[in-house]
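Shown next, in structure tokens, is the structure this report addresses.
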Amino acid sequence: MVPDIRISDALTQQLSSLGLKPAVFHTSGRPWIFDSDTHAWSQRQISSNAIIASPRPTEEILQSARVSGNGFSSLDALAREIGATSFFLASTPAGVRAQGTLSTQHQFFWAMVGGVPLASNTLTILHSLIGPEIDQVSLALSLMNSRPIQSFAPRTPWKSIAAAEIGSWLHFDGSAPPRSVRWWREPAQDLDASSGPAAVRLALQQTISDSTDGQSMISADLSGGLDSTSLCFLLDTLDKELRTFRTSSLNDANDESRRARHVAEVFGLSLHEFPPLAETSSAFTLEHDEDPASVLQGPLVWAGSHGYLRALVPEVAAQGSATHFTGLGGDELFDMIPGIFRRLRREGRRVALSAAWRLHAQSKSDPRSMFAAVFDQEAYQDYLTRALDCLHGTGVWKARDAYNWFPPVSFPAWMSEQGRELILEAFAEVIDRGLEPLGTDPLGQQVIESISFQGGILRQFDEIFPDIHWQAPFTDQRVVEATLRSPASMRMDDRLDKSLLAAAVSDIAPAGFFTKRGRGDFTTDVYDEHRRQRAELVREFQDSRLVDSGLVEPDMVKSALYEPSSSDVGLFDVESIVVAERWLRSAESLGSLAH
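At position 289 of the sequence shown (counting the first as 1) the number is 289 in UniProt numbering, and the numbers step up by one without a gap.
And the structure:
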């Protein structure tokens, strides 16, 4: 996407060399949207000098829209409707609006190319145009065991390429860099225990209907867990052929396999089962990834599932499905999450204190930190500033911070001084910039941050496995809003897991499906793979790109890789090290490193 300014022939030729041609034009006649498929976009001129555009699945909405005036304010309602599921662009006298989805599955990135601000829905195009270096700050942040997601959302793995902020659209005006304009506001909690489930059910039905329109065959994950299986209940109500898939675990105590098979039998579903995750995972190997589409995304947090997905995609396609549903995002919407206590306080002091006491009884943790969280009123910006103090060693985390805006952050013991300084500077920059939180309290903040994190994974799926349309209804804006409008206390139930979801699908779920029980656990597979790979992993780390980058201490990181428990490091921390190292090697092998 190019703003309404004159661009050079050289830039036009660069875009053409990437297979991109003008698909939509500004009312001035200048090229606006470039695409390899010039018929991929629907457009509508709403005045003599204003035009709106979106990918073709939204053509009917676009053509029936009523818009008055030429400014952005008159476009907000339309942008919200189309932007719930796709990209929305507007070219008006006030400038160009480029908006993706709340989940960031549909996301805009931007960069200055020859003095012209360009936006793209893929890192691939911008990377090809400017050939940027790796952003060492982004790499260092990926090694942290936790961090606030919103704060660093505009960063990408590459210098000079930025992403739109979560819940914001990009405003392009002339040749200046774009600015972010916030559009997302958390809805009021205006539903009760009876109307909440109905709203969630309706939102799920709407997004599923939109995603399957015109298709006779669809596919979905059927893990046996609550989220993907609930989607299968809803998908089965459609007049479409449904094929289901799953991977299993080495853990005999994981009963999801039995539950998935039972559901498939009851509903008459075709279920394809793959080998246990441990047999396809590559979480602890340093084998290069030779797929440029994968490497350009940066270190992949789902690298352990890469092998399973590479087996899944061709099988889904062979079955005749082009749209695949996954349960990503369900935990964020329906489970107990740490930021819940302030939200519960809104529903009543007694409700909040009772929930804190029940959680204490279940977890045997100190109830005083939970009670303190109920009454905590610390503002987001103040908490972010205190986090920086704690990283500097001049502040102290409090027990109740486990339930605050984001979990307490700390440096891994094996991170170098250089890596720590990069992160400290990044935190300071965020604080100076000032941030309005995404939620009205820690629960709303954590839900939207988590949904955007899952949406980022889906965006990477779209890039790396483009033959399949990936759908995750729990990340859809309409479903997210219906959940946030519902009582937070519906996350707390002594008898049922995910009681809000249970109530939403109660009439189509098998009896007892949501009765409390142990959750599916795949950690056995993770430990099994690590035991098999750790000796080779440490040997290969003798020649480490992470060490060369100066971000980690060589001796300490090797110790953590081999025996994480003795180094007070979790296996998922080890996985983040391996993912970063493998990514650096892959980028180097593709010639993506500029130095």
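Ideal placement from N, C-alpha and C gives every residue a C-beta, glycine not left out.
None of these values were measured; they are calculated from a predicted model.
- By the criterion of a C-beta distance shorter than 8 Å, proline 510 is surrounded in its chain by His262, Val263, Val266, once the five residues flanking it on both sides are discounted.
- Taking 3 residues as the shortest admissible run, the region 38-85 contains the following complete beta strand (DSSP E) segments, listed from N- to C-terminal end: 41-47, 50-55.
- Across the structure, serine 294 and alanine 98 are spaced so that their CA atoms are roughly 25 Å apart.
- The straight-line gap separating the alpha-carbon atoms of alanine 40 and alanine 23 is approximately 8 Å.
- For histidine 306, the enclosing alpha helix (DSSP H) starts and ends at 306-318.
- A Cβ-Cβ contact shorter than 9 Å links glutamine 381 with leucine 435.
- Residue pairing of serine 219 in beta bridges, as defined by DSSP: Arg243, His324.
- Pairing aspartate 548 with lysine 516 gives a Cβ-Cβ distance that is not under 9 Å.
- Taking the C-beta atoms as reference points, glycine 455 is found nearer than 9 Å to threonine 104.
- Per the C-alpha coordinates, the member of His106, Phe172, Arg56 positioned closest to tryptophan 32 is Phe172.
- Counting only residues of its own chain and dropping the five nearest sequence neighbours on each side, serine 499 has a CB closer than 6 Å to the CB of Met490, Asp493.
- The shortest C-alpha to C-alpha distance from alanine 502 to any of Ser450, Ser544, Asp335 is the one to Asp335.
- Proximity of the region 306-314 to the region 271-279 meets the contact definition, three or more beta-carbon pairs being nearer than 8 Å.
- Taking serine 211 as the centre and dropping the five residues before and after it, the same chain places the C-beta of Thr323, Gln471 closer than 7 Å to its C-beta, in chain order.
- For glycine 419, the uninterrupted alpha helix (DSSP H) run begins and ends at 417-433, by DSSP.
- Secondary structure note for glutamate 273: it is in no alpha helix (DSSP H), and the uninterrupted beta strand (DSSP E) holding it is 270-274.
- Within the region 280-307, the complete alpha helix (DSSP H) segments at least 4 residues long are 292-295, listed from N- to C-terminus.
- According to the DSSP secondary-structure assignment, threonine 156 is paired through a beta bridge with no residue.
- Here isoleucine 161 is not near leucine 139, since their CB atoms are 9 Å or more apart.
- Here the C-alpha atom of isoleucine 508 lies approximately 55 Å from the C-alpha atom of proline 554.
- Phenylalanine 375 sits exposed, since fewer than 16 C-beta atoms from the chains shown fall within 10 Å of its C-beta.
- Phe87 is the residue among Leu226, Phe87, Asp213 whose C-alpha sits nearest the C-alpha of glycine 167.
- Distances from the CA of aspartate 4 to each of Ser16, Arg30, Leu15, Ser17 were compared; the closest alpha carbon is that of Arg30.
- As the crow flies, the alpha-carbon of glutamine 446 is around 25 Å from that of aspartate 221.
- Taking C-alpha positions only, alanine 488 is separated from isoleucine 423 by approximately 34 Å.
- Between threonine 244 and serine 209, the C-beta gap is not smaller than 9 Å, which leaves the two residues out of contact.
- Rounded to whole angstroms, the separation of the alpha carbons of aspartate 35 and serine 576 is 35 Å.
- Per DSSP, alanine 98 is one residue of the beta strand (DSSP E) stretching across 95-99.
- In the DSSP annotation of this structure, the continuous segment of the alpha helix (DSSP H) that includes isoleucine 457 starts and ends at 442-464.
- Between the region 113-133 and the region 180-196 there are fewer than three inter-stretch CB-CB distances shorter than 8 Å, so the stretches are not counted as touching.
- One thing to note: glutamate 186 has its Cβ no nearer than 9 Å to the Cβ of threonine 475.
- Taking all protein chains in view, the Cβ of glutamine 460 is crowded by 16 or more other Cβ atoms within 10 Å, so the residue is classified as buried.
- For aspartate 236, the closest of Ser216, Thr247, Ser248, Asn49 by C-alpha to C-alpha distance is Ser216.
- In the three-state scheme derived from DSSP, where H, G and I count as helix and E and B as strand, histidine 26 is classed as coil.
- Straight through space, the alpha carbons of alanine 50 and aspartate 76 are spaced by roughly 14 Å.
- Between serine 91 and phenylalanine 109, the CB-CB gap reaches or exceeds 9 Å.
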